[in-house]
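Worksheet: one structure, shown below.
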Amino acid sequence: MDFGRVPLDASEQEFLDDVRAFMDKHVTAEVLEEERRTGSGFNERVHLALGARGWITPTWPGERGGAGLDPVRARILELEMRRAGVPSITHGTTRLVLAAVEKSGRPDLVAELLPGVAAGTVRFCLGYTEPDGGSDIAAAKTRAVRDGDEWVINGSKIFTTGAQNCQYTFLITRTDPELPKHRGLTMFLVPLASQGIEIQAIRTYGGERTNIVYYSDVRISDRYRLGGVNDGWSVLHGPLDEEHGVRAAGPASLGDLSIGTSFLQTLGGAIDSALAWACTSNRADGSRPIDDRMVRYRLGMVALHMEAGLVTPGPMGRVKGSDALVRGAADLMDLVGPAALLSEGTADASLTGAIEAAHRFAQGTATYGGTVEVFHGIIAQHVLGLPRPAYPGSKTLVSRKREQAAA
Amino acid sequence: MDRFELRYADYSLDGEQEAVRDAFHEFFANECPTERVRAAEPLGHDEKLWRQLAAMGAASMGLPESAGGDGATLVELLLVAEEAGAALAPVPFAEHVAAARALAGAPGAAAELAADAAAGRRILALAMEPVATVGRQLVPGGAVARSVVALDGDTLIVVHADELPPLAPNQGSTPLAWWDLAGGQRRVVLASGSAAAAGYQIAKAEWKLLTAAALVGLTERALGVAVEFAKTRETMGVPIGTLQGVAFPLADVAIGISGARNLIWRAGWMLEHEPAEARRLVPAAFAYAAQVATHGATTAAHMQGGLGFTIEADASLYFLRAKGWSLLAGDPAEDVIAVADALAAARD
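These protein sequence lines map, in sequence, to chains D and W. Each residue of the first sequence is one higher than the last, beginning at 1 in this note's numbering. Each residue of the second sequence is one higher than the last, beginning at 1001 in this note's numbering.
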């Protein structure tokens, strides 16, 4: 057991200074403002600059385009990227998909793409959710049909965040509707420049941009298939388990314990703002809000749930992180009062804008990456060992059966 | 507090810590079934169990070697407390250990008292309120402790009673008793000045973490009982545990337990290594454990329906103690406020 600061030797300290200088230079106020305005989760200039340093795949050796960082340096980089506020959604999805590409992609495809991933010119997004499917991604209906050495894809995917900035989407398709639900799926890495792909923007009130992507007779080579035909679920499982924190094994003593950590860092920023407001503003009677026990109670409650969230492990941490943010941000809004409603980015909201933004952003965290309900199910079955419920559509495609019955 | 600071997050136990946890787990599993917990009601103290526990070294392990102990860290004591809590063990472990550690570190402690405390022959307790600010007060463990450690102004004192005060019967079946610490009993000054206040604050923080750990153990066991019920009880042809209305609230309890345990460990580690961090984390850990336990015991009882509301069901034992333990030091809302106080102090 150890929660202490990691002591840095001279060369590690030098690395930290170097990383901070990089962030100061590249993650400018303009970059942050652009991200606030566009919500794209990506900045090409910063991403390419990271790639030039080998910091997109930081633990890879230099000859593969990485920086050969050891765990301490890799963690320093990760923390400083967060501190600086590097737009990182696309960076995250790229790394998530990368593992599956390396494991299940054809050697020639892997050899072609990896240098670009490391350099920052090749980026991946997630083509999981369908407009009428929600979190049940094994219910995918987007069809891929073989035609000689090619596949023809038809369907649509929603919440493909970052598609406008990526070169490939990690697409889950239905290749055999007759097989049981999880067995008729195949994964592809679909080039987004292909004919027949249309990307439409969707905006969230969390300030993020995501997309709906339509696939109309999109033809791709079989070389973009990842893993076996109809074996897509096992290809998908690696990245999915990672996203769900199911495989968060081992002490991982330098990493995040909670997979909801990023949500809690947003909450942390809102708490800092609320604390600054409470300690520096004056009420009519001249007192500060922080002098009021009710204010301290409410602030303390939000803060303690953030602390609890940061140390809640595995799939439990994903639920707790979102829950603490959703409730906490709403409570901080109430605490500050009507001034908390003033829009982030306007002059009057300089002190409390982070709370206003956190409150809008919080709502999405209960859904993306798998809803908190999906995770409650995972916890009930895998942590508590409760029996799995038998739903009509858990093993087969219900809609398909209905179609057959109707026919 | 720097949220992006490079720190270890190593929650693993070393071999010795695992051995401590396993030994006490086995001890309570063998010696403290819920029948024994019930048999100890309403006092909430089983003298024979306490002697067995002391014979295992539970009363002395956390004392320095100079005071006849093994120099165990607070983390090891938290592991024991969680096992005791899981078993609902009717012994004043948190009270005695917190008070004995304060006593062992104080210049004015008599050797004989320290030796008796280390052996568990004389049970100690800790007053939760400063003597000067209240008259008589309810002292946790006070119905079985012959000596109570307390803060009186700027002195740390121990007050000895020749006769045990009567039990104040209570919801949690714990050995609570009224003590008038300003009264005529024999009192000895253990320390004075800033050392007294600091020693008392550490003792109270340790009591809170030990009690929080016991609450986590309690909640996990209550959850286990409810999960077993949900696996076997059927409604409309399916186990009720397959229903989301049953499974999801139980998952919420598991979420709380997993975070509370880690928060307590982290706070306990910080109390020994980085007091500035502990100032925020100790009250956070206690308040969170109190919420998790009261919510968890309520949920666990409710998942057993009307049966969970009966005295016969073990769910009742957990429900009554979840509140019965988490309220002993006063309204946990004070700990919530203390978290904000720590944040504000760190900002100044």
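Beta carbons: idealized from backbone N, C-alpha and C, even for Gly.
- Pairwise C-beta distances place the stretch 165–181 of chain D out of contact with the stretch 201–209 of chain D, as fewer than three of them are shorter than 8 Å.
- The count of Cβ pairs closer than 8 Å, one atom from the stretch 12–19 of chain D and one from the stretch 1011–1021 of chain W, stays below three, leaving the stretches out of contact.
- Beta-carbon to beta-carbon, PRO58(D) and ALA74(D) are separated by about 5 Å, close enough to satisfy the 8 Å threshold.
- Of the residues THR1298(W), ALA1023(W), ARG1007(W), the one whose Cα lies closest to the Cα of LEU1223(W) is THR1298(W).
- Under the Cβ distance rule, PRO177(D) does not count among the residues neighbouring chain W, no pair being separated by less than 8 Å.
- The Cβ-Cβ distance between ALA1099(W) and ALA1081(W) does not fall below 8 Å.
- The CB of THR1211(W) never comes closer than 8 Å to any CB in chain D; the least such distance is about 16 Å.
- DSSP links GLN1137(W) through a beta bridge to TRP1179(W).
- Scanning its chain for C-beta atoms nearer than 7 Å, with the 5 sequence neighbours on each side dropped, one finds around ALA1058(W) the residues VAL1080, PHE1093, in chain order.
- Comparing alpha carbon positions, the residue from MET316(D), ASP291(D), ARG293(D), ALA324(D) closest to GLU307(D) is ALA324(D).
- Contact with chain D is absent for VAL1020(W), since none of that chain's Cβ atoms lies less than 8 Å from the residue's Cβ.
- Secondary structure at GLY127(D): strand, using DSSP grouped into helix, strand and coil.
- What ARG388(D) touches in chain W, judged by beta-carbon distance under 8 Å, is THR1242, going in chain order.
- With a 10 Å radius around the Cβ and a threshold of 16 neighbouring Cβ atoms, VAL311(D) comes out buried.
- Burial is judged here by how many other beta carbons sit within 10 angstroms of a residue's own beta carbon; ALA100(D) has at least 16 and is buried.
- For PRO313(D), the nearest beta carbon of chain W is closer than 8 Å to its own beta carbon.
- Against chain W, the CB of ILE76(D) has a partner CB under 8 Å away; the residue lies at that interface.
- Against chain D, the CB of ASP1341(W) has a partner CB under 8 Å away; the residue lies at that interface.
- In this chain, the alpha helix (DSSP H) harbouring TRP1325(W) covers 1314–1326.
- No Cβ of chain D is located within less than 8 Å of the beta carbon of MET1236(W).
- Here ARG219(D) is exposed. Its C-beta has fewer than 16 other C-beta atoms within 10 Å.
- When only Cα atoms are considered, ARG95(D) and HIS47(D) end up about 13 Å apart.
- Residues are counted here when their Cβ sits less than 8 Å from a Cβ of chain D; for the stretch 1260–1273 of chain W these are ALA1260, ASN1262, LEU1263, TRP1265, ARG1266, TRP1269, MET1270, HIS1273, given in chain order.
- Within chain D, not a single residue places a beta-carbon under 9 Å from that of LYS1208(W); the smallest gap is close to 13 Å.
- At a beta-carbon threshold of 7 Å, the residues of chain W lying near SER253(D) are TYR1008, ALA1009, ASP1010, ordered along the chain.
- Taking C-alpha positions only, ASN1030(W) is separated from GLU1018(W) by approximately 18 Å.
- The contact set of ASP2(D) on chain W, defined by CB atoms closer than 7 Å, consists of TYR1008, ASP1010 in chain order.
- DSSP links TRP151(D) through a beta bridge to ARG146(D), ILE220(D).
- DSSP places PRO71(D) in the helix class (H, G or I) of the three-state scheme.
- Cβ contact annotation for ARG298(D) (same chain, cutoff 7 Å, sequence separation greater than five): ASP331, LEU335, in chain order.
- A direct Cα-Cα distance of roughly 28 Å separates VAL1075(W) from ALA1226(W).
- Along the stretch 1072–1096 of chain W, going in chain order, the ones with a CB nearer than 8 Å to a CB of chain D are VAL1075.
- Put simply, the CB of PRO1239(W) is near chain D, with a gap under 8 Å to one of its CB atoms.
- When DSSP reads this structure, ARG174(D) sits in a beta bridge with ARG143(D), LEU185(D).
- TRP1269(W) places its beta carbon less than 8 Å from that of PHE3(D).
- Taken through DSSP and simplified to helix, strand or coil, LEU226(D) comes out as strand.
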